[in-house]
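Have a look at the structure below, then the notes.
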Amino acid sequence: MDQALYRKLCVANIINGVTEGLSKFSHPSRVALIYAADPADPVKVLDPQDLLRGHGVKIHTMFSAKESQWQTRIRTVIDGQPEGFQIPENDLALSGLISYGCCCSDFFYQAWFTEHHPDLCSIYPAQRWLEQAATLLIHDYNGKNAPIHSSEYALENYALQAIADHIVDQRDRHLAHDSKLQVPAILNHVLEISKTREEGAWPRGVLFFCDPAQIAKIEFITRIQKHQRPQLFNIKHIRKLMVAVEDSHRKLVSDGRTIIGITDEPVPDDAIAVHFRGDYGFLDIKDTRIASFFDGSFHSITREARLVELEELLLDTDLDTDRATVLFQVVSHLVHNAGRARHGCTLVIDLNDPPTRLSGHVLDPPLSLMETRNIELACSLLKIDGAVHLTADTCIHGFACLLDGRTIEWEKMARGARYNSALRFSAANSGIIVVVVSADRPVSIIYNGIEISAFSDWRPMSQHIPEPVVLENYLNGVLL
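Residues 838 to 1317 (my numbering) make up the sequence shown, in order.
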């Protein structure tokens, strides 16, 4: 194969693999690459989905202005380094993006970018993903007969290893000794436990993995005799033991190979904590959330509603910033509570003065949500059929309200009556924001008859091989 075509395929396949993998790990994601394989090569951009659109000025400042200076600095950094040794570069800090950059003696410079979704548990697994993409690009680009699709397949299914890489990095920074925990194997066992029911019930409770050298520091309620400790690969046995810590402050303790015992002490800082919550769960280290898991695989999302669009809508209204912020916090609490309880609801945020009259149970006086005791009542009112009527002063004026309106052309038959009633009502009434929570967790923000959260810049990549563009030409296209 022609060497130029081979290298073009290497870059395209790797960016495809990262895009597919990150899209499964979180939400549909775009990926872009800025690179120069050789110091004499022009800097090129591969951005098949316009991820870097809007960042042209900063990219121009970083690479075009004082061009010789950044190249000279990298030459100095990689001088005398062995082949294949990656040296991380400073983050370009493009807003709304996760990035990883590096330089190397046999691949001069590369910087990878992907989207920073607002509901990520952590950005670090995605960064490890981009780091692996950079490593494979160096290997494949300089190889002559490497299987060009193997790296793509590896990156499409890198979620577990990306999480493991981050956990190992985190623990290595804080442990004074080499860890004996086999993190990838532990993560595989976690997924198997999460898929295993006991008498029809999904697992609940906390299981944490502590390095064997740290076990002696834990105060146990009770231990299992050493010769009887169940092996971690015995998934059914571990699932049965999870019953002992359900709905309590107790936790199962493992050394990565067996279950040691039960404790009610706080999880140690260097331990890997797994929180099983039925058919989903979360992975933590040092009280920091790393990832979620459900349906037998790991994901990056927090499983809480993304309300970025609502926050932006409220800040764009005539409300002052403080009132808009308080209103957003109240609505967020109500929506997240409904999501956790897995019941559908409709919340009408009425910004009109005087408020719009709705058909339903009217409260006298209105229920102020600035009082803590009323928040719990509001959460219960959301369970009743019909909408809850909330005004800009964070008071509930009514509940079990009916939303009516004329038929509109853009109704979605795939959605239920709650969603389409909200569309109709919002289209017929100005100054109204309707938040619709579905029982299966999706949240829709509707304003003026339009679902604000329905728009996305992501689009499927075309099937042809994307063409890298010289940086100067790319910037001219972006800035025009």
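Note that the Cβ used here is the ideal one computed from N, Cα and C, for glycine as well. None of these values were measured; they are calculated from a predicted model.
Item, Value
"Euclidean distance between Cα positions of residue 1191 and residue 1268", "11 Å"
"Chain-order list of residues whose beta-carbon lies under 6 Å from that of residue 999 (same chain, five-residue window excluded)", "962, 965 and 966"
"Spatial neighbours of residue 860 in its chain, beta-carbon cut-off 7 Å, leaving aside the 5 residues before and after", "866"
"Whole beta strand (DSSP E) elements within the segment 934-988, 3-residue minimum", "934-941 and 944-952"
"Element boundaries [beta strand (DSSP E), containing residue 1112]", "1109-1114"
"Helix, strand or coil at residue 1104 according to DSSP, with G and I counted as helix", "coil"
"Per-residue burial, residue 927 [other beta carbons within 10 Å of its own, 16 or more giving buried]", "exposed"
"Any 3 or more C-beta pairs closer than 8 Å across the segment 1161-1169 and the segment 1026-1034", "no"
"Beta-carbon spacing of residue 1280, residue 1142 below 7 Å", "yes"
"Length-filtered (4 minimum) alpha helix (DSSP H) runs lying within the segment 1022-1090", "1072-1079"
"Residue 1221, DSSP secondary structure in three states", "coil"
"Cβ-heavy atom distance, residue 1117 to the ligand SAH, below 6 Å", "Of the ligands one can find in the structure shown there are none, so the ligand SAH has no counterpart to examine."
"Residue 942 versus residue 1114: straight-line alpha-carbon distance, rounded", "47 Å"
"Sequence-distant residues of its chain with Cβ nearer than 8 Å to residue 914 (five each side left out)", "924 and 940"
"Reference residue 979, options 920, 1032 and 1037, closest by Cα", "920"
"Residue from 1128, 1052 and 1072 whose Cα sits closest to the Cα of residue 1098", "1052"
"Test item: CB-CB of residue 1145 and residue 1184 under 7 Å", "no"
"Beta bridge counterpart(s) of residue 1119 as assigned by DSSP", "1112 and 1129"
"For residue 1004, the nearest candidate out of 1274, 1078 and 1124 (CA to CA)", "1124"
"Status (buried if at least 16 other CB within 10 Å, exposed otherwise) for residue 1070", "exposed"
"Neighbour-count burial assignment, residue 874, 16 or more Cβ in a 10 Å radius", "buried"
"Residue 1128 beta carbon less than 7 Å from that of residue 958", "yes"
"At least three beta-carbon pairs within less than 8 Å, the segment 1206-1218 to the segment 1233-1240", "yes"
"Burial state of residue 1088 (16 or more Cβ within 10 Å)", "buried"
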